[in-house]
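If you want it as structure tokens, here you go:
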């Protein structure tokens with residue numbers, strides 16, 4: 001792609017560093033900015049830089065936060081003995097949206113994935129094990145995605161905390177609400193039968 | 001969507017102002033930036049701001065340029081009597097990539113589109129008409145997209161310059177090279193038959 005302006009080229013190149021944004025999309029976005037008022041680009045540039053420089057991670061759960069300890073960890077009304085282990089902050093947001101969880105979170109920051117060069121030491125696993133060691137946690141819920149990497153990570157953490165007195169659980173796998181049985185994959189359908197729940201308890205939700 | 005950090009929220013909101021980028025995509029992009037070195041976000045922010053503030057438009061053809069008159073308009077080896085009218089700078093880049101055009105361009109900056117509130121005066125039409133008035137242009141090639149808006153814009157310009165001594169043409173519409181006839185739409189197929197070319201001239205390309 002040949003550009004008639006070095007400034008434009010640099011902006012497009014920087015934009016296309018972002019995941020899922022190719023040169024064409026980057027060019028479309030940059031040309032859109034040129035049609036908008038200058039203030040809009042300034043606002044975007046400043047928001048990104050301030051965010052990158054000033055954002056903090058909660059020192060307890062590693063969730064993104066503006067303060068040292070995030071709102072969830074600082075909330076005395078939540079169950080501090082129940083911790084849900086998730087991959088990243090998007091999962092925290094997704095679970096918070098359901099309003100059905102009143103414990104705390106622990107954000108790992110990824111999954112163990114040798115293919116991508118991510119080992120246990122690149123993730124926030126040590127701080128989780130330490131929390132368990134302190135004995136304040138009664139139950140740990142694994143809420144990682146159900147992939148090879150997710151399962152590996154679950155198992156790694158499980159092995160690390162096995163010796164301590166903590167109950168571990170994993171979120172239920174089954175047929176999505178509203179899905180047709182015939183289109184479900186075999187493993188999910190199989191698990192949903194093995195892990196069936198009393199009909200009366202399903203009425204409560 | 002509830003965010004645990006105002007900084008993150010602001011960055012996501014600004015990002016999602018861009019066309020085709022929703023809140024979820026914006027969040028994905030912003031979280032990616034958090035995993036990369038700070039310098040990368042700084043570079044992106046600076047590139048966008050410099051581009052927005054310092055980029056110039058060629059005063060002759062309105063193409064994006066770092067100087068007052070763009071490289072194409074300043075090139076004495078190009079045919080200054082042949083002008084190709086395009087919608088935006090992406091079209092200039094696309095035509096330049098083919099290496100088959102040696103004239104100049106005129107970038108309108110859009111198409112007449114009452115639905116989007118874009119009238120003739122929002123586009124670089126006056127400067128084109130003035131160029132034609134000066135009598136230096138022999139041929140004007142319309143290379144707008146073949147939509148209602150494109151055709152309207154072509155016709156509007158044609159009416160404005162009709163009285164002057166200039167030959168107008170439009171790029172050929174036909175079956176794309178490599179396309180199957182049976183999948184072509186009727187209008188394109190019809191035009192490709194009406195505007196058929198001598199077989200020998202098709203051998204030259």
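Residue numbers (the UniProt record's numbering), protein chains in the order written: chain A, 1 to 205; chain B, 1 to 205. Beta carbons: idealized from backbone N, C-alpha and C, even for Gly.
| query | result |
| --- | --- |
| When you check each C-beta in the region 31 to 46 of chain A against every C-beta of chain B, which residues fall closer than 9 Å? | 31, 32, 33, 34, 35, 36, 38, 40, 41, 42, 43, 44, 45, 46 |
| For residue 53 (chain A), go through chain B and note every residue whose CB falls closer than 7 Å to its CB, in chain order. | 38 |
| Check whether the Cβ atoms of residue 69 (chain A) and residue 86 (chain A) lie closer than 7 Å to each other. | no |
| In the DSSP assignment, what are the bridge partners of residue 84 (chain B)? | B:105, B:141 |
| Relative to the alpha-carbon of residue 88 (chain A), which residue among A:82, A:35, A:145, A:165 has its alpha-carbon at the smallest distance? | A:145 |
| Just reading off the beta strand (DSSP E) that residue 168 (chain A) is part of, what are its end residues? | 167 to 170 |
| Return the CA-CA distance between residue 154 (chain B) and residue 126 (chain B), expressed in angstroms with no decimal places. | 14 Å |
| How close, in whole Å, do the beta carbons of residue 138 (chain B) and residue 167 (chain B) come, if the pair is a contact with beta carbons under 8 Å? | 6 Å |
| Report yes if the CB atom of residue 15 (chain A) is closer than 7 Å to the CB atom of residue 31 (chain A), and no otherwise. | no |
| Between residue 91 (chain A) and chain B, is the shortest Cβ-Cβ distance under 7 Å, so that the two count as touching? | no |
| Count the other C-beta atoms from every protein chain shown that fall within 10 angstroms of the C-beta of residue 39 (chain A), then say buried if there are 16 or more, exposed otherwise. | exposed |
| Going along chain A, which residues have a C-beta under 7 Å from residue 63 (chain B)? | 4 |
| Have a look at A:189, A:191, A:63, A:35 and flag the residue whose alpha-carbon is nearest the alpha-carbon of residue 109 (chain A). | A:63 |
| Just to check my reading of the structure: residue 136 (chain B) and residue 50 (chain B) have Cβ atoms closer than 8 Å, yes? What is that Cβ distance to the nearest angstrom? | Going by Cβ atoms, the distance from residue 136 (chain B) to residue 50 (chain B) rounds to 35 Å, so no, they are not a contact pair. |
| Would you mind sorting residue 273 (chain B) into buried or exposed? The rule is 16 or more other CB atoms within 10 Å of its CB. | Since the first and last residues shown for chain B are 1 and 205, residue 273 (chain B) lies out of range. |
| Cβ closer than 8 Å: which chain B residues qualify as neighbours of residue 49 (chain A)? | 41, 42, 45 |
| By the criterion of Cβ-Cβ separation under 8 Å, what are the contact partners of residue 149 (chain A) in chain B? | The contacting residues do not exist; residue 149 (chain A) stays about 16 Å from chain B at best. |
| Report the rounded CA-to-CA distance for residue 111 (chain B) versus residue 101 (chain A), giving the unit in angstroms. | 52 Å |
| Tell me where the alpha helix (DSSP H) around residue 30 (chain A) begins and ends. | 23 to 35 |
| Would residue 35 (chain B) and residue 66 (chain A) qualify as a contact pair, given that the criterion is a beta-carbon distance under 7 Å? | no |
| Go ahead and pull the three-state DSSP assignment for residue 111 (chain A). | coil |
| Closest by CA to residue 96 (chain B), which one among B:115, B:202, B:71? | B:71 |
| Taking residue 3 (chain A) as the reference, which of A:160, A:84, A:24, A:120 has the closest Cα? | A:24 |
| Along the chain, where does the alpha helix (DSSP H) containing residue 156 (chain A) start, and where does it finish? | 148 to 161 |
| Assuming residue 100 (chain A) is part of the alpha helix (DSSP H), what are its boundary residues? | Element bounds for residue 100 (chain A): n/a, residue is neither H nor E. |
| Hey, could you find the ends of the alpha helix (DSSP H) residue 195 (chain A) is sitting in? | Looking at the DSSP string, residue 195 (chain A) is not in any alpha helix (DSSP H), and its letter there is neither H nor E. |
| Please determine if the region 167 to 184 of chain A and the region 112 to 121 of chain A are in contact, where contact requires at least 3 C-beta pairs separated by less than 8 Å. | no |
| Which residues, taken in chain order from the UniProt domain "Toprim" (81 to 176) of chain B, show a beta carbon closer than 9 Å to some beta carbon of chain A? | 88, 89, 90, 92, 93, 96, 97, 109, 110 |
| Can you tell me whether residue 186 (chain B) is buried or exposed, with buried defined as 16 or more other CB within 10 angstroms of its CB? | exposed |
| Work out the CA separation of residue 133 (chain B) and residue 181 (chain B) for me, nearest whole Å. | 42 Å |
| Alpha carbon to alpha carbon, what distance is there between residue 104 (chain A) and residue 75 (chain A)? | 9 Å |
| Can you list, in chain order, the residues of its chain whose CB lies under 8 Å from that of residue 21 (chain A), leaving out five sequence neighbours each side? | 15, 29 |
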